[in-house]
Amino acid sequence: MGERKLIRKAKRTELIEVAQGRRPADIFIKGGMVVNVYSGEFLRQNVAIYQDAIAYVGEKDVAVNDETIIIDASEMYVSPGFIEPHAHPWVLYNPVSMTEKVLPLGTTTTVNDNLFFYLHFGVDGFKRLVHDLRKLPGNFFWLIRLVSQADFPGERDWFNEKDIEELLAMDEVIGTAEVTRWPLLYEGDPFLIKMIETAKKMGKVIDGHTAGCSYDKLNSIAASGVDACHEAITAKEALDRLRLGMWTTLRNSSLRPDFPEVIRLITEGRVSTQRITMTTDGAHPSFIEKEGFVDGLIRKAVELGVPPMTALQMATINAATYLRLDGEIGGIAPGKLADVVLLPDLVSFKPAVVISKGKIVARHGQLLAPLPTIKWDRYVSKRPFLFPKERLDDERLYRFPHPAPDRSIPVVHFKSNVITEQKDVILPSASGYADISNSEGLLYASLIARNGQWVAKGILERFAVNVDGMASTYNTTTELLVVGRKPEAMAVAAKRVHEMGGGIVVVDNNETVVEIPLPLTGMMVTDRSFATSVHYHDQLLSALRERGFPFHDILYTLLFLTCDFLPGLRLIPRGLYDVKRNHIVLPAERLYGCTLQR
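Counting from 1, one number per residue, gives the positions in the sequence shown under this note's numbering.
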């Protein structure tokens with residue numbers, strides 16, 4: 001059960017006939033240097049493709065006819081298509097626009113996290129989406145979440161055994177996605193352990209997330225059934241995971257450009273690389289535009305001293321083997337699906353030609369294959385907001401309660417893009433609320449439920465010093481996060497996001513200076529062009545840097561402010577939360593109609 005992932009159109013008897021010269025090939029790649037990731041050799045050979053599969057690899061010619069596409073590869077390397085084993089297709093871009101960008105870069109297979117699609121579509125909507133995305137060129141697989149990234153009321157009803165088992169049974173679902181709240185696994189959470197056992201019985205993989213987990217605690221995570229982890233940020237941490245039997249995925253991403261350090265596991269540690277893969281881990285659009293996708297991982301690894309063959313193996317056969325897809329993809333061999341990239345050199349790793357399932361889908365960075373038109377609204381099971389936008393005019397939504405001015409207030413101080421700490425600050429009080437008007441660098445922050453039932457509040461420091469008002473559904477909860485120094489400007493931004501049905505808005509002096517509509521789950525554009533996401537990202541980062549944002553990745557700052565698994569204070573649906581102490585510092589306020597509960 002769970003072994004059938006890809007359906008090959010070519011019959012095996014037909015492939016045999018092509019290999020023997022009794023049936024013409026559809027594509028004949030002639031005289032290239034084949035990257036044999038199985039043996040670790042570079043071999044001057046021909047490759048014959050019939051329909052969607054490879055029929056022959058060797059030195060002889062095969063039968064061709066007038067319809068056969070013959071490619072002279074004498075000046076090129078013939079490599080398997082690249083594989084991204086841990087993608088997040090919702091960093092402003094969507095699955096279609098991501099494919100539009102990364103397929104011409106040689107990534108023919110992506111394995112994707114389903115978090116926000118499932119949160120907003122439910123089991124039925126997500127299944128319809130998966131069905132419709134079968135029309136995408138390339139191979140598009142999924143890892144499904146067992147829990148969210150921030151505990152919320154009703155979470156265990158939403159992530160329930162019946163629905164998860166139904167999704168696990170899908171061919172496109174490779175396994176379970178990272179459990180970012182890994183202490184649940186450490187504690188042996190019965191529901192998670194049961195779902196992991198279920199997935200393993202189905203032949204699925206168990207992806208992991210163990211940021212900050214010590215070697216001793218990693219033993220428990222490995223014992224829970226986790227197969228892989230991508231969260232090592234040092235060579236030592238990567239080695240710990242490798243030694244405990246985990247597939248170790250080396251990351252180089254916009255938030256964590258870790259390669260210069262973690263790659264020392266290979267270049268200095270000289271370890272076996274058979275169980276090492278690589279990931280971009282949801283890089284923001286501009287990072288991909290500049291650095292590439294899996295091609296960029298290979299390129300960077302080689303620049304840092306990894307042999308080209310080793311880097312290619314990590315991005316192809318190693319990833320396929322971890323995903324239990326090596327019987328179908330990951331190498332150039334007869335019977336495998338014809339996912340092939342033709343590389344002019346082993347320096348840039350930028351393909352001249354990309355072949356996916358036997359079709360030429362891109363040349364010289366230009367996509368040739370058609371993209372499906374997806375009607376995103378047909379999957380949504382939840383309305384964007386369940387309260388009238390006029391409720392957002394109530395400035396008390398944005399003010400932090402402070403009835404005793406002689407007491408300090410817990411402030412969320414940003415140490416880095418995503419790591420925070422509590423800083424206790426004495427502030428004046430006005431009408432029972434904290435007054436930050438004379439405190440440079442402090443901002444109000446409110447996380448408002450889309451159903452209008454609660455608001456969680458905090459005060460931020462070192463987020464940005466000159467933001468009048470900003471609102472965003474781009475965050476881990478996809479609720480309405482509102483930040484600013486002026487409640488009236490915060491209200492303007494919040495109302496505009498409400499009108500758009502999701503997105504990001506920045507307001508100065510009650511005038512909108514940035515407007516990014518994200519109607520798809522509040523996280524993604526619906527545009528098929530990747531360039532749209534790049535433009536929006538650059539516009540947002542530039543605007544916030546002008547207003548004092550001191551870090552390099554604004555999207556992940558927004559995303560993780562509302563999570564409950566990274567150190568420091570967080571705004572989550574249950575209130576202002578201290579992650580390390582597992583303590584609610586200030587509970588969320590219940591909202592009734594238009595009146596805040598005091």
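Idealized CB from N, CA, C, for every residue including glycine.
Per DSSP, Q45 is one residue of the beta strand (DSSP E) stretching across 41 to 50.
Note on N451: under 16 other CB atoms within 10 angstroms of its CB, so exposed under the neighbour-count rule.
Remark: fewer than three beta-carbon pairs, one from each stretch, lie closer than 8 Å, so the region 432 to 446 and the region 521 to 535 are not flagged as touching. Residue pairing for K30: DSSP places it in a beta bridge opposite D72. Taking a cut-off of 8 Å for Cβ pairs, the region 69 to 78 and the region 19 to 36 touch, as three or more such pairs fall below it. Nearest C-alpha to F191 among D171, K204, K162, V173: K162. Secondary structure at F121: helix, using DSSP grouped into helix, strand and coil. Per the C-alpha coordinates, the member of I263, D189, E17 positioned closest to L250 is I263.
For P517, same chain residues with a beta-carbon under 6 Å away, outside a window of 5 residues either side, are M500, G503 in chain order.
In the structure shown, Y186 adopts helical secondary structure according to DSSP, grouped into three states. A distance of 9 Å or more separates the beta carbons of F463 and A434.
Take the alpha-carbon of P384 and the one of F414: they are about 29 Å apart. Secondary structure at Q539: helix, using DSSP grouped into helix, strand and coil.
Rounded to whole angstroms, E546 and V513 show a C-alpha spacing of 12 Å.
In this structure, the alpha-carbon of G358 lies about 10 Å from that of R8.
Counting only the Cα atoms, L265 lies some 7 Å from V271. Assigned with DSSP and collapsed to three states, E291 falls in helix. Annotation for S220: the continuous alpha helix (DSSP H) segment containing it runs 215 to 223. Residue environment: L386 is assigned as exposed (fewer than 16 neighbouring CB atoms within 10 Å of its CB, all protein chains considered). Ranking L43, L105, V62, G188 by CA distance to the CA of I49 puts V62 first. Residue range 359 to 363 is occupied by the beta strand (DSSP E) that includes R363, with no alpha helix (DSSP H) assigned at that position. Between the region 33 to 41 and the region 14 to 22, the count of C-beta pairs closer than 8 Å stays below three; the two stretches do not touch.
Put simply, of N509, T473, T477 the residue whose alpha carbon is nearest the alpha carbon of A494 is T473. A228 has its alpha-carbon roughly 21 Å from the corresponding atom of D564. Exposure of Q274 is indicated by the presence of fewer than 16 other C-beta atoms within 10 angstroms of its C-beta.
For F560, the enclosing alpha helix (DSSP H) covers residues 554 to 561.
Under the three-state reduction of DSSP, L386 is assigned to coil, being neither helix nor strand.
Secondary structure of R570 (DSSP, three-state): strand.
Residue pairing by DSSP places H413 opposite E421, E461 in a beta bridge.
About 7 Å separates the beta carbons of I206 and K200, which is inside the 8 Å limit, making them a contact pair. Nearest Cα to K11 within the set A150, A55, E166: A55.
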